[in-house]
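Undergrad: Can you read through this structure? Questions will come right after.
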Amino acid sequence: MTDISEATVLVEGQTFGPRTIPVDRSRIVRYAGASTDFNPIHWSDRHARAAGMDGVIAHGMWTMGAALGAAVGWIGDPGRIRSQRARFTRPVLVPDTDEGTRIEVSGTVIAVADGVATLRLDVSHEGRSVLGRVEVEVSNPQETA
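Counting in full-length UniProt numbering, the sequence shown tops out at residue 145, every number present.
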C-alpha cells in the first residue's frame, strides 16, 4: 500500500489495500491493558466457550481501531480523520498459536463533497466480513482554480 500525501486531494473511486494486519493473543492482552477491557472472552478459551464463542476473540474496538489505522496509513495524517463508524458483525477468533491470525482491510473513496471525503472500509477475517457499514470521513483539501 502506498501512502498518499497529506495534501493529496481524494477523488471518488480511489482505493487502497488490502492491508493485512496480524493479531495474536499477546496483542489482544496488551490491548486489554490499554483499554482496561479485561473481559475474559479476550484471553481465556474456557470463558469464551462458556459465553458461546468458539474460543478467544479479539476486541471489537481493536478490530475497528486496526481498520482505522489502515486508513490513516493510506492518507498519511491522523489529523485528517473527522469521524468513523462501524457495526460489529462477526468476531475475530484468535487461535492460541505463535502466529495468531490476521484481518484484511481495504478501502474505497465513495463520496467527496465540501472538503470531506468519505471512505468505505471492507474488513475481513478468513474471507468473511467482520465489520459492517464502516465509513470514515476525512478532511479533503479543496482543489484551487
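Heads up, the beta-carbon is just placed ideally off N, CA and C, and yes, glycines get one too.
If we require 4 or more residues per run, which alpha helix (DSSP H) segments fall completely within the region 45–132?
TA: 45–50 and 60–75
Undergrad: Start and end of the alpha helix (DSSP H) containing I28?
TA: Under the DSSP assignment, I28 falls in the alpha helix (DSSP H) whose first and last residues are R25 to S35.
Undergrad: Checking the sheet assignment: what are the DSSP bridge partners for E137?
TA: S83 and T118
Undergrad: For A145, which residues of its own chain have a beta-carbon under 7 Å away from its beta-carbon, when the five flanking residues on both sides are left out?
TA: Legend: pLDDT at A145 = 47, less than 50; position of this residue unreliable, value from coordinates given subsequently. Excluding residues within five positions, none has a Cβ falling inside 7 Å.
Undergrad: Considering only residues of the same chain and omitting the five flanking positions on each side of T89, which have a CB-CB separation below 7 Å?
TA: S129, V130, L131 and G132
Undergrad: With a 10 Å radius around its C-beta and 16 neighbouring C-beta atoms as the bar for buried, classify F38 as buried or exposed.
TA: exposed
Undergrad: For P22, I'd like the list of residues in its chain whose CB is within less than 8 Å of its CB, leaving aside the five on either flank, ordered along the chain.
TA: Here the set comprises E99, G100, T101 and R102.
Undergrad: Given this structure, state the Cα-to-Cα distance separating R80 from V56, to the nearest angstrom.
TA: 34 Å
Undergrad: Using CA atoms only, rank isn't needed, just tell me which of D96, H125, V116 and I110 is closest to E12.
TA: A check of alpha carbon separations from E12 across D96, H125, V116 and I110 identifies I110 as the nearest.
Undergrad: For E126, count the other beta carbons within 10 Å of its own beta carbon; 16 or more makes it buried, fewer makes it exposed. Which is it?
TA: Around the C-beta of E126, fewer than 16 other C-beta atoms lie within 10 Å, and the residue is accordingly described as exposed.
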